[in-house]
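Numbering (this note's numbering), first residue to last: 665 to 997. All C-beta atoms, glycine included, are put in the ideal place defined by N, C-alpha and C. Source: prediction; values computed, not measured. Report on the structure given below.
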């Protein structure tokens with residue numbers, strides 16, 4: 665009788681262990697429910713913005729939120745503003761757990777598509793002076809967070825670096841977008857800095873409605889340099905601006921590493937990839953806390969220079985600047 669009880673106990677134990685093994689093999693735990701997959705919808709105005717998503721995805725993965733815990737739906741409007749709005753509407757219709765806007769244009773498209781009933785949290789990756797946008801999202805009861813690219817705040821430093829790189833350039837062609845608030849804010853900073861130092865500058869407006877005509881018609885002089893202010897339109901026309909730089913042998917200060925790789929002489933800012941990477945931690949925090957999170961300012965910014973472009977315009981970088989600039993040696997498309 666005793667042996668029979670022992671055998672029954674052993675068989676019962678084997679059966680329980682077998683069941684536990686089957687459960688673990690299936691990827692579940694008998695003590696806790698399986699992890700829920702979070703659906704993330706990403707909106708990009710064009711192909712260049714996809715780099716921000718790649719940074720976000722890597723940051724999430726390194727924080728333990730890989731593809732087994734995150735499902736991504738990505739729509740790329742390929743530079744079509746009408747398609748951008750339609751893509752935003754489609755992603756909102758799918759009701760994901762999180763909406764990712766890879767810039768201001770994408771955030772505006774989501775704002776048009778969201779209603780107080782569709783309270784899907786939004787993270788904005790790499791936007792400038794986001795306070796007004798945040799107020800408009802929160803007025804609809806929508807939680808929002810993101811990474812501010814710091815373009816307005818970094819205006820003075822970018823100008824200082826341009827002067828340091830090319831000390832012989834004594835006049836600045838400041839390219840701004842009159843339709844963009846952040847661009848106008850940065851222009852005010854330029855006026856404050858250069859006005860107090862009595863350095864000559866000329867503000868040249870460009871925008872989606874007037875194009876680059878005023879910049880293209882400018883009569884460039886040997887002592888001038890081009891200084892760009894924040895605007896999606898300006899950022900998206902980097903090839904045309906690069907061509908002006910090379911044609912008139914005029915250095916340009918941009919924002920991103922991609923611009924330097926394309927042929928800008930210099931850029932200072934937080935890269936697209938790093939913007940997305942930095943956004944990962946606040947995205948997770950917002951998903952957990954179910955509320956708006958204050959925007960992050962850039963963790964780190966880099967100065968990049970294109971030595972081949974600098975050589976083509978007949979310039980030499982000041983030795984002091986070469987010691988802390990990240991060099992690029994080719995001119996891309």
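Straight-line gap, residue i to residue j (C-alpha atoms, nearest Å)
i: residue 990; j: residue 701; result: 39 Å
i: residue 781; j: residue 800; result: 15 Å
i: residue 738; j: residue 707; result: 6 Å
i: residue 984; j: residue 936; result: 27 Å
i: residue 978; j: residue 717; result: 37 Å
i: residue 993; j: residue 841; result: 30 Å
i: residue 884; j: residue 908; result: 10 Å
i: residue 748; j: residue 973; result: 34 Å
i: residue 816; j: residue 825; result: 15 Å
i: residue 868; j: residue 890; result: 10 Å
i: residue 898; j: residue 769; result: 13 Å
i: residue 965; j: residue 921; result: 10 Å
i: residue 828; j: residue 915; result: 12 Å
i: residue 919; j: residue 740; result: 22 Å
i: residue 843; j: residue 956; result: 28 Å
For residue j and residue i, believed in contact at Cβ under 8 Å, the rounded distance
i: residue 996; j: residue 925; result: 5 Å
i: residue 790; j: residue 986; result: Not quite, the Cβ-Cβ distance comes to about 28 Å (not below 8 Å), so this is no contact.
i: residue 960; j: residue 946; result: 6 Å
i: residue 853; j: residue 809; result: That pair is no contact at about 25 Å.
i: residue 787; j: residue 760; result: Not really, about 12 Å apart at Cβ, beyond 8 Å.
First and last residue of the uninterrupted alpha helix (DSSP H) at residue i
i: residue 900; result: 896–900
i: residue 971; result: 971–976
i: residue 942; result: 936–953
i: residue 773; result: 768–777
i: residue 739; result: Per DSSP, residue 739 belongs to no alpha helix (DSSP H); it is in the beta strand (DSSP E), 734–740.
i: residue 869; result: Unbroken run through residue 869 is the beta strand (DSSP E), 864–869; no alpha helix (DSSP H).
i: residue 704; result: No alpha helix (DSSP H) contains residue 704, which is instead part of the beta strand (DSSP E) from 702–708.
i: residue 983; result: 983–986
i: residue 749; result: 745–757
i: residue 714; result: 714–726
i: residue 930; result: Segment 930–933 is the beta strand (DSSP E) holding residue 930; no alpha helix (DSSP H) there.
Beta strand (DSSP E) segment containing residue i, residue limits
i: residue 920; result: No beta strand (DSSP E) holds residue 920; DSSP gives it neither H nor E.
i: residue 812; result: 808–812
i: residue 765; result: 762–765
i: residue 888; result: 888–892
i: residue 836; result: 835–840
i: residue 927; result: It is not in any beta strand (DSSP E) - residue 927 carries neither H nor E in the DSSP assignment.
Residues near residue i by beta carbon distance below 6 Å, same chain, minus five either side
i: residue 777; result: 752, 753 and 756
i: residue 720; result: 940, 943 and 944
Own chain partners of residue i with C-beta closer than 8 Å, once the 5 adjacent residues on each side are dropped
i: residue 887; result: 832, 833, 834 and 835
contact_flag[the segment 839–856, the segment 894–912] where n(CB pairs < 8 Å) is 3 or more:
yes
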